[in-house]
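Asker: One structure follows; several queries about it will come next.
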Amino acid sequence: IDPIAVGRAVWTNVTKGTVIQGGSTITQQLAKNLFYSPQRTFGRKLKESIAAFVLEAKYRKQAILESYANEIYLGQVGSVSIYGVGEAAHRYFGKRVDTLSLEEAALLVGMIKGPNTYSPLRNPPLAKQRRDVVLGRLHEQGLINDEAWAQALKSPVQVMPPQDTLADAPFFVDYLLRQVEEATGAPLPDGVRAYTTLDPVLQRLATQTLESELLKLETAYPALKGHPTAVQGALVAIDPKTGGILAMVGSRDYRTSQFNRAVQAKRQPGSLFKPLVYLAAMEARRELSGGQPVTAATSIVDEPVTFESATGRWTPQNYDHKFHGTVSLRTALEQSLNIPAVKIAQLVGTKRILHLAENLGIRSPLADNLSIALGTSGVSLLEMTSAFGVLAHEGVSITPTALQAVMTSEGDPAWHHTPARRQAVSPQAAYVMTSLLKGVVERGTAAKAKVMGLRGIVAGKTGTTDGYRDAWFIGYTPDVVVGAWVGFDDEEALHLTGAQAALPMWVELMRQIMPAAPRDFVMPPAVITRDIDPQSSQLATSKCPQRSTELFIEGTEPSVYCEVHGSGIWERVKRSFGFF
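Structure, rendered in C-alpha cells:
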C-alpha cells in the first residue's frame with residue numbers, strides 16, 4: 034500500500050465530498066479486480082487494502098505482477114471487454130503474448146494508464162505516442178539498447194480488425210455454457226461476464242489444423258472420400274498444470290454438425306490405453322503375485338497365448354501378426370505390442386487398472402475383463418487427454434475446465450472455479466511412464482513425428498483400434514497436452530493407424546505452438562538409473578555384450594548382476610563390499 038497516494042486520494046475525496054480519486058498500488062488493483070466491484074466507496078477501499086496485505090504476505094511480487102497482468106482491463110473491442118495481456122495480445126495483434134514484438138508489448142503496457150484513451154483501435158496516434166513513452170522509459174532503464182529503441186520507435190501501430198473470438202470456438206462455448214449451468218445451477222443470464230480458459234490463438238490454430246489435415250488425409254487416401262459420410266476428427270488442448278481447456282474442436286464444421294466429438298463421442302481408444310495398464314503395474318511396486326515389481330526393464334515373452342474368459346477363449350494378436358519373443362516393457366510399449374499388454378493386465382488384475390483409470394479422471398464405464406488392456410471400452414477424447422495430462426503434471430489429476438469465474442453485471446463475483454487436485458499416481462511412476470512415452474516418439478510407433486518436422490521433447494502414444502475404426506494420438510510437454518482423434522461417425526473402418534491419421538494432425542498443431550527451446554520434464558526424487566543387460570534384465574557387467582541405461586522407481590531396481598554373461602572382477606569386488 035502506498036500511504037502517500039492513499040493520503041492524497043483521501044484529502045481530494047474529502048474536500049470534494051465524494052470518492053473521485055483512488056490511491057491504489059498494483060496489489061490493491063489486483064485485489065479489486067479479483068474480489069470487489071469497481072464501485073468507489075471508502076468501505077470498498079478498506080477491504081481492498083486488507084486484501085492487498087494478505088496478497089503481499091502470501092505471494093511473491095513476481096506472482097502478484099503476473100496475476101495483475103492476467104486480470105487488468107485493457108480496453109474494449111466492440112461489445113467485448115478485454116481482460117489480461119494474453120487476451121489483449123490476441124485481440125489486438127492475433128498473437129500469443131510470448132510472441133509479441135517489443136513495440137507491440139510496449140503498446141499494451143502503455144494502455145494500462147487509460148485503456149480506452151490509448152486504444153490503438155480508437156486513437157492510433159495517441160496509442161503510438163503513449164507507446165513511445167514506454168519505449169523511452171525502457172531505454173532509460175537500460176532494458177533495451179539504442180538500436181532496439183530506434184527500430185521500435187520507427188514501427189507503425191498495426192493491429193488486427195475487430196473480430197468475435199467466441200465465434201472461432203463454438204464447441205468450446207457449448208461446453209462452457211453447459212459447465213456454467215452445472216456450476217451455478219442456472220443458464221448464463223444476460224449481462225453476466227464469464228472468464229474462460231480459452232487460448233484464442235491456439236483455438237484458431239486447432240480449428241484450421243483439423244480441417245487442413247483432414248483434407249490432406251483425403252487427398253493421400255482417396256478411398257476416404259468414397260465413404261457415405263465425411264471422415265471426422267476432433268482436437269482438444271489442456272494446460273496440465275491447471276486443467277484449463279485451451280482449445281476444443283469437435284468436428285470439421287460446426288455449421289453442419291454440432292455434435293462434439295471431443296466430448297460426446299465415446300470411442301474405443303485401442304492401443305492408446307496401454308500406458309494405463311503398465312502404469313497400474315508400476316504403481317503396484319512389489320504388491321503383485323511373486324513379489325517382483327514391474328519396471329521399464331521387465332522382460333515379457335511375446336508369444337502365442339490363449340486366455341479363458343466368461344465369454345469363451347480369447348487369443349490376442351499383434352498388429353503385425355508376428356511374435357517377437359522376449360522383449361522389455363519399454364520395447365513392448367514403444368512398438369505397441371498387444372500380447373505383452375494383456376499379460377501385464379492379467380498379472381496386475383483388471384480391478385487395479387479400473388481403479389487407476391478412475392483416479393486419472395476417466396468416468397466412462399470400462400469393461401472388467403482382460404480386453405481392457407487393448408482399449409475396447411468407449412471413452413471420450415477429453416477424458417483420455419486429461420488422463421495423459423496427469424503424467425505431464427507429476428501425477429497430479431485436475432478436473433478439466435473451460436470456466437474460471439463468473440461475475441455479475443455489477444462486477445461482483447458470483448462463482449469462482451477451484452481446481453479439484455489429487456495425487457492420482459506417484460510423481461515417480463508418472464516420470465518413468467513419461468520416459469517410456471518419450472521413447473514412443475523417438476523410436477516407436479510415433480517416430481515419424483520427427484520426420485514430419487517436430488522438434489523438441491515430447492511424450493505421447495498412438496492409438497489404433499481393432500478393425501482400424503479409430504485413430505488417436507495424444508502427446509504432451511510439461512506445459513500442454515493435446516489429443517487428436519480421427520474416424521467415421523458410423524464407426525466404419527478407416528483402414529489407417531493412429532500414426533497415419535491422427536499423428537500428422539497433432540504434429541502440425543504442435544509445430545505451430547511449441548517454443549523454440551521447450552523445457553524437459555523434471556526428474557523427481559526417488560527415481561534412479563541403472564545399466565541393464567537387455568537379455569537378462571539384470572545389472573549389466575563388463576562381460577555383457579550390450580547394455581542400456583534404464584529408469585527405476587527407487588526400491589524396484591534389480592539387485593543381481595547378469596547371470597547370463599557372468600560377472601567380471603570389478604562386479605565381484607563391488608558385491609564383496611556390499612555395493613549393488
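For the sequence shown, the working numbering gives the first residue as 34, with consecutive numbering after it.
From the three backbone atoms N, C-alpha and C, an ideal C-beta is built for every residue, glycine too.
This structure is a prediction, so every number in the text was calculated from the model and none was measured.
#1: Below 8 angstroms, how does it come out for the segment 496-511 and the segment 296-306: are there three or more Cβ pairs, yes or no?
#2: Rounded to whole angstroms, what's the CA-CA distance from Ala535 to Ser245? Just pull it up for me.
#3: If you count every other CB in all the chains shown that lies within 10 Å of the CB of Asn293, and 16 or more means buried, which is it?
#4: Round the Cβ separation of Gly117 and Ala139 to the nearest angstrom and send it over; I've been treating them as touching at under 8 angstroms.
#5: Can you tell which of Ala532, Val474 and Ile565 has the C-alpha that lies nearest to the C-alpha of Tyr594?
#6: When DSSP builds the beta bridges, which residues end up paired with Val519?
#7: Which one of Gln236, Ala374, Val192 and Arg455 has the shortest CA to CA distance from Lys274?
#8: Is the beta carbon of Gln236 closer than 9 angstroms to that of Met281?
#9: Specify whether the segment 379-388 and the segment 351-369 touch according to this definition: at least 3 beta carbon pairs, one from each stretch, less than 8 angstroms apart.
#10: Distance, Cα to Cα, Lys299 vs Ala526?
#11: How should Gly599 be labelled, buried or exposed, when 16 other C-beta atoms within 10 angstroms of its C-beta is the threshold for buried?
#12: Sorted by chain position, which residues of the same chain lie with C-beta nearer than 6 angstroms to Thr348's C-beta, five sequence neighbours on each side aside?
#13: Just to confirm, are Ser188 and Ser134 a CB contact at a threshold of 9 angstroms?
#14: Residues in its own chain within less than 7 angstroms of Arg155 by CB, not counting five upstream and five downstream?
#15: Could you spell out where the alpha helix (DSSP H) holding Gln325 opens and where it closes?
#16: Residues bridged to Trp448 by DSSP?
#17: Taking only the alpha-carbon atoms, compute the straight-line gap between Ser581 and Ser468 and give it to the nearest angstrom.
#18: Could you give the residue range of the beta strand (DSSP E) that holds Arg346?
#19: For Ile386, which of helix, strand or coil comes out of DSSP?
#20: Which runs of the alpha helix (DSSP H) fall wholly inside the segment 476-503 and span at least 4 residues, in chain order?
#21: Between the segment 408-428 and the segment 498-511, do at least 3 Cβ pairs fall closer than 8 angstroms?
#22: Is the distance from the Cβ of Val515 to the Cβ of Thr418 below 9 angstroms?
#23: Can you look up Gln379 in the DSSP assignment and give me helix, strand or coil?
#24: With H, G and I counted as helix, E and B as strand and the rest as coil, what does DSSP make of Tyr228?
#25: Tell me whether His354 is buried or exposed, calling it buried when 16 or more other Cβ atoms sit within 10 Å of its Cβ.
#26: Does the Cβ of Glu541 have 16 or more other Cβ atoms within 10 Å, making it buried, or fewer, making it exposed?
#27: Output the distance between the C-alpha atoms of His357 and Leu393, rounded to the nearest integer angstrom.
#28: For Ala280, list the residues DSSP reports as bridge partners.
#29: Among the residues of its own chain, which have a CB less than 6 angstroms from the CB of Leu107, if the five just before and after it don't count?
#30: Which one of Gln301, Ala420, Met315 and Pro452 has the shortest CA to CA distance from Glu391?
#31: Looking at the secondary structure, which residues open and close the beta strand (DSSP E) in which Gly358 lies?
#32: Given that a residue counts as buried once 16 or more other Cβ atoms are within 10 Å of its Cβ, and exposed if not, what is Asn371?
#33: Just mark Thr262 as buried or exposed, buried being the case when its beta carbon has 16 or more other beta carbons within 10 Å.
#34: Do Ala378 and Val310 come within 9 angstroms of each other at the CB atom, strictly closer than that value?
#35: Check the Cβ-Cβ distances between Val515 and every residue of chain B, and say whether any is below 9 angstroms.
#36: What does the Cβ neighbour count give for Pro233, buried or exposed, with the cut at 16 atoms within 10 Å?
Answerer: This is what the structure gives:
#1: yes
#2: 13 angstroms
#3: buried
#4: About 17 angstroms; that fails the 8 angstroms criterion.
#5: Ile565
#6: Gly266 and Ala504
#7: Arg455
#8: yes
#9: no
#10: 16 angstroms
#11: exposed
#12: Thr339
#13: yes
#14: Asn149
#15: Note, Gln325: premise wrong, no alpha helix (DSSP H); not H, not E.
#16: Val439
#17: 14 angstroms
#18: Gly345 to Trp347
#19: helix
#20: 481-484
#21: yes
#22: yes
#23: helix
#24: strand
#25: exposed
#26: buried
#27: 31 angstroms
#28: Ala270
#29: Ile115, Ala121, Met144 and Pro148
#30: Ala420
#31: Gly358 to Ser361
#32: buried
#33: exposed
#34: yes
#35: In summary, chain B is missing from the structure at hand, where a single protein chain is found.
#36: buried
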